[in-house]
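Take the sequence shown: its position 184, counted from the start at 1, is 184 in the working numbering, and no numbers get skipped.
Backbone N, C-alpha and C fix where the C-beta goes; we use that ideal spot for every residue, glycine too.
Just so you know, these numbers come straight off a predicted model, no measurement behind them.
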Amino acid sequence: MVRIYDTRAGQVEEIAAGRALRLYTCGLETARRAHVGDLRIFLVSDLIRRALERRRVRVVAARDAVHDEDAFRADAAALNLRPAEHVPEAGEPIEELGSRIDLCVGGAVPREDVRGRWVHAEGVRFAGDAPLLSDVADAGLDPLAVRMAFLESHYRQPVELTWDTLRAADGRVRRWRAGVAEWSESVSAPMATAYAERAESAFDDDLDTPAALRVLDELEGDASVAPGAKFETFLHLDSLLGLDLSSDIGKIRT
């Protein structure tokens, strides 16, 4: 079962599997383009969706309209955020035509028109002006370094982002991709089940992404695990992480 902290209830609660779930993301309400800090709430929603879908829960996702839809869609694609099926117009009640919202991811104060569970993600602080996601790419970093940097902190803890933390996250993403590409050339082997189960369990336990990443760090350095098994396990878990860890496979390394 996936367990998540319900801000309204003040406790971690189980989300029942085996049924459809309506997920709503209440995000940007400002008349400007999203900077990297604004995107955290959408990543949290994406992680919840991935964890539930792994449990075969049918997730119907919706989100608020934003000021610049084209720019937001580009940013969302760059961060590997799965697109919402529904984007109601600004100001439109999100629970019209009898469609109850089961889980809403948003700011600190629950919306009055949401009667289901409420998940709150803490904010992001950046030294100086927070960059746009395009600024991260212009600095020579993979946009998914932002995703990694957010995964490195629990969603209920505030994040202190700096260019140094983004560069470190970028290095971790690139190192894992290089490892996956190298392991892909080895003899195939069954997935390292114990590692996979530990990482999945961390995800299911209120999205403990830092713990899941530590499991992968441990697996990366475990010489007793065959390279082919590492390859299978990293790719399996990337369906939750969304870091495009297979993207270097087949590339010529120098």
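Can you check DSSP and say which residues form a bridge with Val60? Note: Val60 sits in a beta bridge opposite Arg22.
From Arg100 to Ala127, what distance separates their C-alpha atoms? Distance between the alpha carbons of Arg100 and Ala127: 40 Å.
Express the C-alpha separation of His236 and Leu52 in angstroms, rounding to a whole number. A direct Cα-Cα distance of roughly 15 Å separates Leu52 from His236.
So the beta strand (DSSP E) Leu103 belongs to, where does it begin and stop? Taken as a continuous stretch (DSSP letters only), the beta strand (DSSP E) holding Leu103 covers 103–106.
Under three-state DSSP, which class holds Leu245? The answer is coil: DSSP assigns Leu245 none of H, G, I, E or B.
Just verifying my parser: in three-state terms, what is the DSSP assignment at Leu97? Coil.
Taking 7 Å as the CB-CB cut-off, is Arg19 touching chain C? Absent here is chain C; the protein component of the structure consists of one chain.
Can you round the beta-carbon distance between Val146 and Thr25 to whole angstroms, since I take them to be within the 8 Å contact cut? That belief does not hold up - the Cβ atoms of Val146 and Thr25 are roughly 17 Å apart, past 8 Å.
Give the DSSP bridge partners of Phe126, in chain order. In the DSSP output, where bridge partners are listed per residue, Phe126 has Leu161.
Beta-carbon proximity list for Arg3, same chain, < 8 Å, skipping 5 on both sides: Cβ within range, chain order: Val12, Glu13, Glu14, Ile15, Asp204, Asp205, Asp206.
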